[in-house]
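Numbering (the numbering used here), first residue to last: 25 to 1147.
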């Protein structure tokens, strides 16, 4: 055996040297053409000789190997199994089509197998002579079919994709040979690593002829427009591929009769899954029944599905694997039927409730819904009663197990079906599409299989786009390898097409991905249309352990493969060094350790040994103390170049200086992400992706400080608090409007340190701060002002702290707005420690109003004198002035000044006229009102009086200010008035009976501050002539009096101030006396002369006394002369 390779090498060297020597001699002795011909012949001869020698040598090697195997007690029959498997591999790879026997370096596999069979008795004898154990009873060759199917399944599953093109055409040579063959349909087998696809076609692409022996009829199968490839299914267990052409037309005719009938029969073709050629099924329609009334146009093969047999206790040891298949014929018998093959037995199943619109067989599926060992077939009839229904069939009893009906007319319930174990309970669940529901939005019903023998509808998935036909195609499979099958739903008319992926689980199904057709466009001119029209069953085609799907977009002619990447659950572990920080610490070390769980297998640096995983890059984003910002580094990025290096990523973190919060630990939040190279166009099938909603890819840890609160690291403080007002009266009383006040709260700790203690004040409405303290903050976001103050960090045992707020009380002007004239101040003590003492403080401020109005008044002239002369006298204008002063700090909300004015007696013409009153408050003029009815007509009579023409000033005053006249119709006569005279005094006031009065009311609401003064001026006009006419030549004194009262209406509850007057009277007196006789002229002359005489005598006396001499000036003049 050892010399075998050496012999081949030696012979090859000799062959090589001989070829060179003979080639040289030929080119030396012959012409070029002859030399070339001879050299070519020599090369062929030497190549054939060398190939023959190698084949002979390998045959000898096989013989020696068989002998060694027998002597080593190996079962020689295993050699035959090996060569059969090699033949299958050669067939699948198509290597046997390109072999030239003369130049083959190896013997053909058939020759090797025949040679081994010839030597098998010798090998068995050698094994017996070597005293080996007896051969096993089970022949290894009995399991050869299983090995073959496993190889076939593996080869095709990992690299092949079947794509149907129902309206496809063959290549040009085929079309030239059969010009009538238009759009028969084509199926392609494509590999993901090869851009070229192999064509799968019927054994005969041209039209075929058959013969129906039962009725002696000729059959012509026309394949144009047959839609070959519209339905495809693979039996993975038995390695069978079935492709159907449901629109294949069959022409049935009978010789020598007029029978010539065309039926849209439909045909299916089957063969090995590895084969490129498929054979037609039931070519002569021997299994087809023509007895029924509506036997024609069945559309056989509109849908096809192979069921997968689960390994159960009943079939584990069976060598033969049965075929289980269901084929739909939605127009057979007008209402549709299905052909079921169960354990190689064929049966036809019809609806027991007829409806010619049912289309039973439109969609087909199978599953283990109620028992793990009970296979049930499913078929949809979406046209049944315009609603749709789905029938579940038991193939063993050939009976309907249950029926599921749609709920809305026209929704086409059952147009699509899919089966998968969504909740991982070991029983399959059924998905039913209703793509025409609503405004063709479409929806999908989710029915969960149960051990009770019935379905439970758990959810309905709705399409959101009108006309999208959500649910037109459905598929199910475990895409993320979490044990729960997922759902893929197509919505081909939503824009250019969309598919939705719903993750299975024990809870409610939710959309995990929405994939649009536009995502796959590589060029602007490229367009993908009706993406999601068809969806394949998920299969792992690239051997990365995760299922992939193919999605059809028939209108643009695309089949798009969506490949899955491994899904991982990343778990992060965080460690810090040290695990507790001292208060003076300046740095610490953080370590992040990622663990990876892929397909329920835990991967970390020690367990990952697959080279494809080693190059995966990742990063961990660490956020440190984001809220309190106590570290210099807030965000760190730790990167790893692969999954094996740097098992734990670490970094040093520096702590900021002068931090205050020690009771709150430093938070460390980490998030893991994979890094991908997006520049490469190659698909990375081993690049990990994070499982959606994986909470383990993030982690959080806390690094505490040593806060000196015992081993439990919990600070139990005991804070007491007292509150006190400043600048108030006794009993916490404050006069509204007075000076601002202050509120102080004092804290004292009787327990362990109280860290980050704050006082949160809640002030009453309208109370503001006069000034803000540097360690306090205001919060104006709510109705009441909130003030948050820091009281120190920490408050040690026995330590006292206080906070004093200066309050602005200017905006508090109405105590009635508060409950019982009280203000409630609240404070909350908050600390990061556990406070076992006072936590809430309440302090009440009593409100009082202290305000009064003081009244003063006077007349501009206290007395006027009138005579009894008959000549006309001027009218008298006089006025009364009243002043109001506000006393007290509280504001006035409502107050008024009332003046009672007497104006007239009964049967006399009005004596007193009143001008419009004028009220001035702080220099601003305000109007007053009268409660009496005024007669405007009297104003005209007054304006005709002669005094208005005589005295311009009075006339101007009357025009400038309207005169208010009282209605005097109820005034008594002057005779009655004289009864009130005492010592010739007449009283005109509102207290005297039979006097007509009017009341003037003025509002004092604008008196706000102590500086505001109210001044009311009322001018009166006395008609002197009428006044004289009343009293003739009688002596009289008239006292005219006005009464003034001031009243505070609001606030109604208040403290009055002593020494104030609220009521006064202002009086003007008129003296009426007869005129005295005239003084005689002589008396005046004598008086003047006597006065002049007395003046002369006084001057003479003064002159004698030297009063008029200026001695000082004379002396001064004399002195100047002397000098």
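Even glycine gets a Cβ: it sits at the ideal position worked out from N, Cα and C.
(message) Residues in the same chain with beta-carbon distance under 6 Å from residue 716, minus the five sequence neighbours each way, listed in chain order, please.
(response) 536
(request) Report the option in 377, 544 and 512 whose CA atom is closest to the CA atom of residue 412. (result) 377
(message) Which residue wins for smallest C-alpha separation from residue 284, given the options 91, 1065 and 242?
(response) 242
(request) Mark residue 65 as exposed unless 16 or more other C-beta atoms lie within 10 angstroms of its C-beta, in which case mark it buried. (result) exposed
(request) Below 8 Å CB to CB, which residues in the same chain sit around residue 480 once its five sequence neighbours on both sides are set aside? (result) 471, 472 and 474
(request) Name the two residues that bound the continuous beta strand (DSSP E) containing residue 467. (result) 467 to 473
(message) Going by beta-carbon coordinates alone, are residue 613 and residue 600 separated by less than 8 Å?
(response) yes
(request) Apply the 10 Å Cβ neighbour rule to residue 813 and answer buried if 16 or more other Cβ atoms are within range, or exposed otherwise. (result) buried
(message) Tell me the DSSP secondary structure of residue 505 in three-state form.
(response) coil
(request) State the start and end residues of the unbroken alpha helix (DSSP H) segment that holds residue 538. (result) From DSSP, residue 538 is part of no alpha helix (DSSP H) but of the beta strand (DSSP E) over 534 to 540.
(request) For residue 617, write down the residues that DSSP places opposite it in a beta bridge. (result) 597
(message) Alpha carbons only, please: which of 1043, 873 and 610 is nearest the one belonging to residue 905?
(response) 1043
(request) Scan the stretch 269 to 350 and note each continuous beta strand (DSSP E) run of 3 residues or more that stays entirely inside, going in chain order. (result) 273 to 277, 284 to 288, 291 to 296, 301 to 304 and 327 to 330
(message) Can you list, in chain order, the residues of its chain with a C-beta nearer than 6 Å to that of residue 1132? Leave out the 5 residues immediately preceding and following it.
(response) none
(request) Kindly indicate which three-state DSSP category residue 461 falls into: helix, strand or coil? (result) helix
(message) I need the straight-line Cα distance from residue 1078 to residue 877, nearest angstrom please.
(response) 12 Å
(request) Would you kindly work out how many angstroms separate the C-alpha atoms of residue 804 and residue 795, rounded to a whole number? (result) 15 Å
(message) Taking the straight line between their C-alpha atoms, what separation do you get for residue 817 and residue 1071?
(response) 57 Å
(message) With a threshold of 8 Å between beta carbons, is residue 66 in contact with chain B?
(response) In the structure shown, chain B cannot be found, because there is only a single protein chain.
(request) Answer yes or no: do residue 370 and residue 385 have a C-beta to C-beta separation smaller than 8 Å? (result) no
(request) Would you kindly report the start and end of the unbroken alpha helix (DSSP H) that includes residue 134? (result) 133 to 153
(request) Quickly, what does DSSP pair residue 493 with across the bridge? List them, please. (result) According to DSSP, which records beta bridges pairwise, residue 493 is partnered with nothing at all.
(message) Would you call the stretch 571 to 590 in contact with the stretch 538 to 555, where contact means no fewer than 3 C-beta pairs closer than 8 Å?
(response) yes
(message) Let me check one thing: in DSSP terms, what residues is residue 726 bridge-paired to?
(response) 691
(message) Applying the 10 Å Cβ sphere with the 16-neighbour rule, what's the burial state of residue 97?
(response) exposed
(request) Go ahead and pull the three-state DSSP assignment for residue 773. (result) strand
(request) Count the other CB atoms, across all protein chains shown, that sit within 10 Å of the CB of residue 1127; report buried if there are 16 or more and exposed otherwise. (result) exposed
(request) Just mark residue 912 as buried or exposed, buried being the case when its beta carbon has 16 or more other beta carbons within 10 Å. (result) buried
(message) Beta-carbon within less than 6 Å of residue 824's beta-carbon, same chain only, minus the 5 sequence neighbours each way: which residues are those?
(response) 772
(message) Taking 7 Å as the limit between beta carbons, can you name the residues of its chain near residue 900, skipping five residues before and five after?
(response) 888, 1046 and 1048
(request) Indicate whether residue 331 and residue 288 have their beta-carbon atoms separated by less than 8 Å. (result) no
(request) Would you decide whether residue 1122 is buried or exposed? Buried here means 16 or more other CB atoms lie within 10 Å of its CB. (result) exposed
(message) Please classify residue 1114 as buried or exposed, where buried requires at least 16 other C-beta atoms within 10 Å of its C-beta.
(response) exposed
(request) With DSSP collapsed to three states, give me the class of residue 788. (result) coil
(request) Measure the CB-CB distance between residue 787 and residue 910 and report whether it falls below 8 Å. (result) no
(message) Going by DSSP in three states, residue 642 sits in which element: helix, strand or coil?
(response) strand
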